[in-house]
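S.K.: Numbering (my numbering), first residue to last: 18 to 724.
Here it is, the structure, as C-alpha cells.
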Amino acid sequence: MSLPTELCEWCDKIFFDPETLYYLFWETREITHYSLGPGSRVQNSSCPFCLLVAQTFYGSHKTLAEIEDVEVSWQETVPGRRAFQVWGSRDDTYIAFATESAPGDVSRRPSASRGTRLSYYVEETTKPMIDIHRILSWISSCDELHRDKCSPPATLSFHDAYRRLPVIRFIDVNANCIVETTSLVQYIALSYVWGAVPSIRLTKTNRSPLLEPGSLEKLVDLVPWTIRDAIVLVRNLGCRYLWVDALCLVQNDEEDLLRGVNAMDLIYERAWLTIVASCGYNANFRLPGVQEGTRKACTNTVEVTLGTKLGVITELDELLMGTVYETRAWTFQERLLSHRTLYFVDEQLFYRCRGADQAEHYADIPAQNEEYPAVSATAALSQAILLHNPPTDYRHMLFHYSRRLLTNQNDAPRAMAGIMRRFAEALCCEFFQGIPVAFFDYFLVFQPFYSFLNRRSTMPSYSWTGWQGSITFHATSPELYDIGIPTGYLQLEPEYNEEWLDKATWVIWYKRSPSGVTSLVWDPSANTDPADETSGYRNWSLFNDGGRCVPLGTDPTQTAPSQALSFSREPPPYPMLQFWTMSVFYNITDVDVFNGVADIEDFHGEKCGRVGLDALEDLEHFDFTRPFQFILLSECWAPKSIIEERLAEEQDEDDNNAPEEDLKYYNALLTEWQGGIAERRGFAVILQDAVENSLPPGPEWKEILLA
C-alpha cells in the first residue's frame with residue numbers, strides 16, 4: 018500500500034487528531050485557527066490537505082486565488098458535528114474526518130467523548146445502491162426519539178384529515194394501479210419537477226382503466242422514470258401506497274383538481290415519508306441508487322496522514338440551492354410541510370425530519386437536531402417552519418419563496434396557501450392578501466433583493482403577492498444593521514415586533530372591496546386571542562397616551578374611511594387599501610438603472626432619502642423632471658443598504674443605533690396615480706426632518722386608495 022503524499026509545511030502544523038483538537042477547544046474555549054498562506058499557493062500545492070481545501074471552493078462565490086490568506090478553523094458545524102471550515106469557501110461546506118480513521122471505531126464507542134465522536138462523520142465510500150435497511154433505521158429512530166415532532170397530526174376523521182376531500186387516490190405499488198379510498202392509510206408522497214416530458218396523467222377518460230389492478234404495469238413505458246423509481250423505492254421500504262399529483266388528481270377535472278390543490282398541504286404533512294427528487298430538471302431523471310445502473314460507487318475521502326482520512330462534505334440545504342427543484346414555487350411547501358423527507362440530490366441521499374439530519378455518507382447520530390439546531394442561512398429555512406418566532410419566520414419564508422418561479426403568476430398565493438394556514442394558526446389571526454392582519458405594517462416594508470420586481474397586475478401592489486422577484490424586508494430594529502446581512506436571514510426577537518408596531522406605526526388600515534364595502538384590516542373582534550409572543554396589534558397604545566407615533570405632530574383623529582370617494586378608473590378585481598396618512602412630494606435624481614435605486618431630493622435640493630424602484634422597465638413613461646408623490650407608512654432606522662453614507666455625514670455616527678424615541682427616518686412608498694387610485698412603484702426611506710421641506714403642495718394628511 019502506497020504512503021500518502023507528504024503534507025506541506027503549512028498543513029504540517031495542523032493537529033489531524035480529533036482528540037487533540039477537542040481538548041484544545043475545551044481548554045481554551047476558543048476556536049482553533051490555522052493559516053495556510055495565499056490562495057494561489059494552496060491552489061498549486063500537491064499537499065493532500067491543500068487539495069481538500071481547494072475542493073471546498075467548488076461552487077463558491079469566491080475563487081481560491083482571490084484569498085490573500087487562507088484560514089482554516091476547527092469548529093462546530095451544522096448540524097452540531099465538528100469539522101474544519103475554510104474561510105471564503107462554499108457555504109455549509111466542511112472537511113471532516115472519516116469514520117474509518119477512528120481506531121477501534123471511536124465514532125461509535127460510548128467511552129469516547131461526545132465531541133470526539135461527532136468529529137468522525139464521513140463514510141469512506143458510497144455504494145452504488147442505497148441502503149434500504151439504513152433508511153428504515155432512520156425512520157425507526159425518529160419514531161423512538163422524536164415522535165411528537167415528526168408524526169403526522171392526529172385527527173378524528175378522513176374528512177378532517179384532508180379538508181373534506183371526497184376520496185384520496187394513491188398508486189398501489191403492489192397492485193400496480195390507482196386506488197381510491199376514504200381510509201387513513203400509511204403512504205409516501207413524491208415531490209418532484211414535472212418538466213416538459215410526455216407522461217401519463219390521470220384524466221376523466223382513463224380514470225376507470227387505471228383503477229384496474231396491473232394497469233400501470235402494462236403502461237410502464239408511459240410512466241416517467243422519476244415516478245417509476247419512486248414506485249420501486251416505496252415497495253422496497255415496505256409501504257403500499259404512493260401519492261403523486263399527476264396520477265392522483267384528475268388533471269382535466271377542474272373541480273377535482275381544485276379540491277386536491279386545496280388539500281395538498283395536508284397530503285404532504287400527513288405523509289409517512291416524502292421523497293424529494295431534486296437531482297434533475299424533469300420527471301425523467303432517475304433516483305440515483307434506487308435501481309441498478311443508476312449511479313456508480315463513490316470514494317468520499319483521501320488519506321492525509323498515515324491512517325487518517327478526511328473528506329469534503331456539503332450540507333443538504335446548500336446542495337439544494339443549486340437545483341431546478343429549488344427554483345419551483347410549488348415544491349416549496351411540499352418539502353417544508355413534510356415531517357420526514359428523503360432527498361435525492363447531487364447523486365447523494367439525505368434524510369431529514371424535525372429532529373435529525375442524516376445522510377448515507379455520514380455516520381449516524383440519531384437525535385443531533387434536538388441539541389444542535391440549524392444555524393446557517395441556508396439551513397435556517399427548515400427551522401422557520403417550526404414557528405418558534407412566527408412573524409420573523411414568515412418573513413424568512415417569503416424571502417426564499419419570492420425567488421421561485423411560477424408558470425402561472427396567479428398561483429403565487431395558492432402555492433403558499435398551506436404555509437400561510439400554519440402561520441395563521443400560530444399568529445392567531447387571519448391573512449389578507451398574503452399578509453397576517455395582526456402584523457400588517459410589518460409586511461408592507463418589502464424591497465427588492467438584488468433583483469428587479471415585475472408587477473403581477475391581478476394582485477395588489479401593496480402586497481408581496483403583487484410582485485414577481487426576490488424580496489427582502491426592511492428591518493425594524495437598529496441592532497440588525499450591524500450584522501451586515503440581508504434581513505431575510507435574520508431572527509428578530511418578538512419584543513422588537515411588538516415595540517415597533519406599537520410605537521412606530523400610525524395608519525389605521527381599511528380594506529375596500531370592489532363593490533365599495535369598507536372594513537378594518539385588523540379587526541380584534543374577528544381574530545382569536547393569541548399567545549403573548551404573537552400579539553401584534555393587540556397591544557396597540559392609543560394615540561393620546563404618549564405612546565403611538567404621530568408624524569409631524571399631526572392630529573390623527575381623521576382616520577375613518579370616507580364612504581363617498583370619487584375615482585375615474587375601474588376598481589381592481591381585488592380589495593384596495595383605504596387609509597389616511599401623510600403625503601409628501603420630492604424629486605427623484607441620480608437614477609441607477611442597473612441597480613434600480615435613486616436619490617430623493619427635497620425643496621432645497623438636499624438629498625433626503627433613497628428609493629428602490631419597482632418594475633424599473635415599466636417606468637420608462639415616468640417624467641423624472643417632475644415631483645413624485647410619496648406616502649409615509651411608519652418610522653424606521655436608517656438601513657445601510659438604502660440610505661447612503663452621505664445622508665448621515667452631518668449626524669453623529671451612532672445615529673443608526675439611536676433609541677426608539679429618537680428615530681430619524683420614515684418608511685414610505687413611491688406611488689403612481691391613475692384615476693384617483695394609487696399603486697406602489699417603489700419603497701423609500703426618507704429623513705423625518707425633510708418632511709417639512711416637501712415640494713408643493715407640501716405635506717398633507719390625506720386619504721389614500723392603494724391598489
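Every residue gets a Cβ at the ideal spot worked out from N, C-alpha and C, and that includes glycine.
At what residues does the alpha helix (DSSP H) containing Gln595 begin and finish?
M.R.: Here Gln595 belongs to no alpha helix (DSSP H); instead the beta strand (DSSP E) covers 593–609.
S.K.: Please classify Gly372 as buried or exposed, where buried requires at least 16 neighbouring CB atoms within 10 angstroms.
M.R.: buried
S.K.: What are the boundary residues of the alpha helix (DSSP H) that Glu741 is part of?
M.R.: What the structure shows of the chain is the stretch from 18 to 724, and residue 741 is not part of that stretch, so it cannot be assessed.
S.K.: Taking 8 angstroms as the threshold (C-beta atoms), are Tyr379 and Tyr39 in contact?
M.R.: Contact flag unset, no.
S.K.: What do you get for Asn269, buried or exposed, if any count of 16 or more other CB atoms within 10 angstroms of its CB means buried?
M.R.: exposed
S.K.: Is it buried or exposed, His731, if we count other Cβ atoms within 10 angstroms and call 16 or more buried?
M.R.: Since the displayed the chain opens at 18 and closes at 724, residue 731 lies outside it and no answer follows.
S.K.: Under 8 angstroms, Cβ to Cβ, is there at least one residue of chain C near Pro170?
M.R.: No chain C appears in this structure, which consists of one protein chain only.
S.K.: Just the Cα atoms here: how many angstroms apart are Ala401 and Phe416?
M.R.: 11 angstroms
S.K.: For a test of the three-state rule: what should DSSP assign to Arg181, helix, strand or coil?
M.R.: Arg181 sits in coil when the DSSP states are folded into three classes, being neither helix nor strand.
S.K.: Using the C-alpha atoms, what's the distance from Ser77 back to Asn299?
M.R.: 26 angstroms
S.K.: Check each candidate in Glu88, Cys256, Ile188 and name the one with the smallest Cα separation from Ser52.
M.R.: Glu88
S.K.: Taking 8 angstroms as the cut-off, decide whether the C-beta atoms of His356 and Ser168 are in contact.
M.R.: yes
S.K.: Could you check what DSSP says for Asp363 in three-state terms: helix, strand or coil?
M.R.: coil
S.K.: Please return the same chain residues whose Cβ sits closer than 8 angstroms to the Cβ of Leu650, not counting the five positions on each side in sequence.
M.R.: Asp458, Leu461, Val462, Thr522, Val524, Thr598, Tyr683, Asn684, Ala685, Leu686
S.K.: Among Gln426, Ser216, Pro465, Asp410, whose alpha-carbon lies nearest the alpha-carbon of Arg439?
M.R.: Asp410
S.K.: I'd like to check one pair, Lys221 with Val190: are the Cβ atoms closer than 8 angstroms?
M.R.: no
S.K.: If you follow the alpha helix (DSSP H) that Ala71 is in, where does it begin and where does it stop?
M.R.: 65–72
S.K.: With distance defined between alpha-carbon atoms, name the residue in Cys296, Glu377, Pro21, Leu444 nearest to Val321.
M.R.: Pro21
S.K.: Along the chain, where does the alpha helix (DSSP H) that runs through Trp568 open and close?
M.R.: The residue you asked about is not Trp; residue 568 is Pro in the sequence shown. That residue, Pro568, is in no alpha helix (DSSP H); it is neither H nor E in DSSP.
S.K.: Excluding the 5 residues flanking Leu274 on each side, which residues of the same chain have their C-beta closer than 7 angstroms to its C-beta?
M.R.: Cβ within range, chain order: Leu266, Val267, Gln268.
S.K.: By Cβ distance below 6 angstroms, which residues in the same chain neighbour Leu250 in space, the five residues on each side in sequence not counted?
M.R.: Val307
S.K.: Locate the alpha helix (DSSP H) running through Gln350, then write down its first and last residues.
M.R.: 347–354
S.K.: Helix, strand or coil for Ser530? Go by DSSP, reduced to three states.
M.R.: coil
S.K.: Would you mind listing the beta strand (DSSP E) stretches within the region 426–479 that are 3+ residues and don't spill past its ends, in chain order?
M.R.: 463–465
S.K.: I'd like to check one pair, Pro465 with Gly486: are the Cβ atoms closer than 8 angstroms?
M.R.: yes
S.K.: Per DSSP, Gln375 is paired with what?
M.R.: Tyr368
S.K.: With three or more beta-carbon pairs closer than 8 angstroms as the criterion, would you say the region 317–336 touches the region 108–118?
M.R.: yes
S.K.: Per DSSP, Gln485 is paired with what?
M.R.: Answer by DSSP bridge pairing, in chain order: Asn471.
S.K.: Three-state secondary structure (DSSP) at Lys313?
M.R.: coil
S.K.: Is it right to say Gln595 is buried, meaning 16 or more other beta carbons lie within 10 angstroms of its own, or is it exposed?
M.R.: buried
S.K.: Can the beta-carbon of Arg245 be found closer than 8 angstroms to that of Val237?
M.R.: For Arg245 and Val237, yes; Cβs fall inside 8 angstroms.
S.K.: For Ala129, count neighbouring Cβ atoms within 10 angstroms of its own Cβ and tell me buried if that reaches 16, exposed if not.
M.R.: Residue confidence for Ala129 is low, a pLDDT of 45 falling below 50, so the modelled location carries little weight; the figure read from the coordinates is stated next. With 16 or more other Cβ atoms within 10 Å, it is buried.
S.K.: Closer than 7 angstroms by C-beta to Arg276: which residues in its own chain qualify, once you throw out the five before and the five after it? Chain order, please.
M.R.: Apart from the 5 residues on each side of it in sequence, Arg276 sits with its Cβ closer than 7 angstroms to the Cβ of Leu182 in its chain, given in chain order.
S.K.: Can you tell me which of the three DSSP states Lys221 falls into?
M.R.: coil
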